[in-house]
Every structure is written in C-alpha cells, then in structure tokens.
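Protein chains in written order, with this note's numbering: chain P, 25 to 174; chain E, 25 to 174.
First comes the structure, then the notes that go with it.
Number of protein chains: 2
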Amino acid sequence: MLLNFRLHPRLKEDSHPLGWLDRSYLLLSRNALFPWFILVPETKETEFHELEPIVQAELLDQINLLARFVATEYPIDKMNIGMIGNIVSQLHVHLVGRNHRDSCWPGVVWGYDGFKPYPPDEVERTVDRLIAAIPGRFRAWRAEATIRQK
Amino acid sequence: MLLNFRLHPRLKEDSHPLGWLDRSYLLLSRNALFPWFILVPETKETEFHELEPIVQAELLDQINLLARFVATEYPIDKMNIGMIGNIVSQLHVHLVGRNHRDSCWPGVVWGYDGFKPYPPDEVERTVDRLIAAIPGRFRAWRAEATIRQK
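In structure tokens, the structure reads:
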C-alpha cells in the first residue's frame, strides 16, 4: 500500500472501488446509467489550482489516460469532466462518458436522480478491462486485498 | 487579431465577451448569480484528452491563472471546473466560483434555471480587474475593438 490517505465516506458509499491509477484512487460510480469514473489524487488540497505543479501534471496525465480508456471502451458521444467538490471537499475528478441516448442527455449527471445498479460481475469486468488497457499503471484493488489477506 | 476561429453562436449568446487570455477567448456568463467564467481555446478538437500536449499545457496554465483570479477576487468557498460540451461541442472550460450562500449551493450551476443579469458597468469592472490582475496575458476585447475601428 503506497497510500496513506483515506477516502471520504461519501465517496466510498457512492462508488465501487476499482483500484489505483498510479497513486490516485480509481472509483466507479454505483450508477450504471453512465460509464462514470472518479479519480481521487493523494493530496490534502481541495482545489485543483492549488496543487503543486508535479501533482497537477500527474493528475492531468491520469485524466488523459482514463478519458482515452472510456472513449475507447464505451459507445460515447462526449466526455464530461468535472471537478466540483461542493458536497465532498476531498479533491476528486469526475470522468463521465455521455451518449445522446443516455437517460439525462444533454443535462449533466450531477444532481440527476436517475439510478441503475451494476449487474453482478460488471464491476469486475470493468476491472479486467482496466488491467488490459492500462497495464503497469492501473492496479486492481482486489489484488491488493488478496496480498493483505496473506 | 491573432485568432482565426469563431465562437459558437450559443456561447456568444450566453456570455459577455471579455477578451483573450493568451490565445483563448475569455467569456463571462450572462448569469450574475455566480462569478462564472468560460475559457475557449483555439482548437478544432472537442475533447480535452484529444488536445495536443502543448495546447493542453497552455489551457491548463490558463485554467490555473483564471481560477486563482476568481479565488482572489470573489468571496468563494469552492471552485467548480467543468468541461461538458453536451450542448455546445466547441471545446470550452467553465470556471465557476461557488459560495455556500449562493442560490443553487450545493448543486451545480449547469442546468440550474435561476438567472440574474449583470448590472450596468459590472462587466467593465470585471475587465478592469482582469487587466490589473493578469497584465500582459489578458487582453481586453474592448481594446481590440477600438483598434479595429481605427
């Protein structure tokens, strides 16, 4: 475990933990209506513009990598990227793949109350796709969990 | 005029033109309920992750500069940054200063229908503050307009 920071309880509650992209937590929103990923960098800053340049550059690189993953793996028409933090101040970045036929197009997903849970195994399949698409830099939470149990 | 690209009509309609930050258009949303700025970089790409690294780095620098301006000049509690583009595909970045007492806290501003127009002269005062805070890199639209009229 490289990380010594904790996820905000609300982020934990609203998402499935996937693993880490470099040193950032990678989460999947529990709402299966959209391919909705959340990056949580290891920092105590709450504003993107207050991050040190090196941390900002790392996060930017992760955003690019993840956005390309979402654009490649899902049938999306537009990527929505948001850094909001009005409810959860811990810095986190939303990457949401949007499609003209999704349930709240062209509105934003934040504040939208439609919800669909992920079917069994779909979260694990997402982890498998991340391992295949981002080898070396994405580490699955389940692998670390196995190590911890040993 | 350095720029050879055009603003999408909807961006034009919904904002006051302030000027340019380096080579990006800088707009102010017509909604005075929030300090809501919009950066429009000179590119034909519609997705942030598809920008060339140099264009992305320039835009990132502009985001930092503008976010620090908003955080310094307005009584904000949180910065909201969004790249959405579901309605207007031309790449643009929203920077919105948010306050616990603003009219849609903690919801996001996108899709919110509250509206207040700017009082006379307030847009010009914003331009003056930008000129003072970001000398050299921010150029006011009004100055260019004067040059064009000569």
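Idealized CB from N, CA, C, for every residue including glycine.
Exercise for the section: With DSSP collapsed to three states, give me the class of residue 56 of chain P. Expected result: In the first sequence, counting from the first residue as 1, residue 56 of chain P sits at position 32. It is coil, neither helix nor strand.
Practice task
With a 10 Å radius around its C-beta and 16 neighbouring C-beta atoms as the bar for buried, classify residue 113 of chain P as buried or exposed.
Solution key: The sequence position of residue 113 of chain P within the first sequence is 89, counting from 1. The residue in question, residue 113 of chain P, is exposed, as its Cβ has fewer than 16 Cβ neighbours within 10 Å.
Exercise for the section: Spell out a yes or no on whether the region 132-141 of chain P and the region 64-79 of chain P are touching, meaning 3 or more CB-CB pairs, one atom from each, closer than 8 Å. Expected result: In this structure the region 132-141 of chain P does not touch the region 64-79 of chain P; the number of beta carbon pairs closer than 8 Å is below three.
Handout entry: Test: residue 71 of chain P CB closer than 8 Å to a CB of chain E
Key = Sequence index remark: in the first sequence, residue 71 of chain P carries index 47 (1-based). Under the Cβ distance rule, residue 71 of chain P counts among the residues neighbouring chain E, one pair being separated by less than 8 Å.
Problem - Nearest to residue 40 of chain E (by Cα), restricted to the options E/46, E/29, E/128, E/59 - result: Within the second sequence, the letter at position 16 stands for residue 40 of chain E. The option with the nearest alpha carbon to residue 40 of chain E is E/59.
Practice task
May I have the straight-line CA-CA distance separating residue 91 of chain E from residue 62 of chain E, to the nearest angstrom?
Solution key: Reading the second sequence from its first residue, position 67 is the one you call residue 91 of chain E. Reading the second sequence from its first residue, position 38 is the one you call residue 62 of chain E. Taking the straight line from one Cα to the other gives about 11 Å.
Handout entry: For residue 149 of chain E, the three-state DSSP class (helix, strand or coil)
Key = Along the second sequence, read from residue 1 onward, the residue named residue 149 of chain E stands at position 125. DSSP places residue 149 of chain E in helix when its eight states are reduced to three.
Practice task
Give the C-beta separation of residue 95 of chain E and residue 107 of chain E to the nearest angstrom, bearing in mind that I take them to be a contact with Cβ-Cβ under 8 Å.
Solution key: In the second sequence, the residue the question calls residue 95 of chain E occupies position 71. In the second sequence, the residue the question calls residue 107 of chain E occupies position 83. In this structure residue 95 of chain E is not in contact with residue 107 of chain E, their Cβ atoms being roughly 19 Å apart against a cut-off of 8 Å.
Problem - Neighbourhood of residue 147 of chain E by C-beta, 7 Å cutoff - its chain only, sequence neighbours within 5 removed - result: Mapped onto the second sequence, residue 147 of chain E falls at position 123. In the same chain as residue 147 of chain E, and ignoring 5 residues on each side of it, the C-beta atoms closer than 7 Å to its own belong to 40, 52, in chain order.
Exercise for the section: Whole angstroms is fine: what's the gap from residue 50 of chain E's alpha carbon to residue 72 of chain P's? Expected result: Here residue 50 of chain E refers to the residue found at position 26 when the second sequence is read from its first residue. Here residue 72 of chain P refers to the residue found at position 48 when the first sequence is read from its first residue. Rounded to the nearest whole angstrom, the C-alpha separation of residue 50 of chain E and residue 72 of chain P is 20 Å.
Handout entry: Nearest-angstrom Cβ-Cβ length linking residue 119 of chain P and residue 105 of chain P, presumed shorter than 8 Å
Key = Here residue 119 of chain P refers to the residue found at position 95 of the first sequence. Here residue 105 of chain P refers to the residue found at position 81 of the first sequence. Rounded to whole angstroms, the Cβ separation of residue 119 of chain P and residue 105 of chain P is 6 Å, and the two are in contact under 8 Å.
Problem - Residues from the region 100-114 of chain E in contact with chain P, defined by Cβ distance under 9 Å - result: Listed by position, the residues of the region 100-114 of chain E near chain P (Cβ gap below 9 Å) are 101, 102, 103, 104, 105, 106, 107, 108, 109, 110, 111, 113.
Practice task
Determine, using beta carbons only, whether residue 34 of chain P and residue 97 of chain P come nearer to each other than 8 Å.
Solution key: Working through the first sequence from its first residue, we reach residue 34 of chain P at position 10. Working through the first sequence from its first residue, we reach residue 97 of chain P at position 73. No, the Cβ-Cβ distance between residue 34 of chain P and residue 97 of chain P is not below 8 Å.
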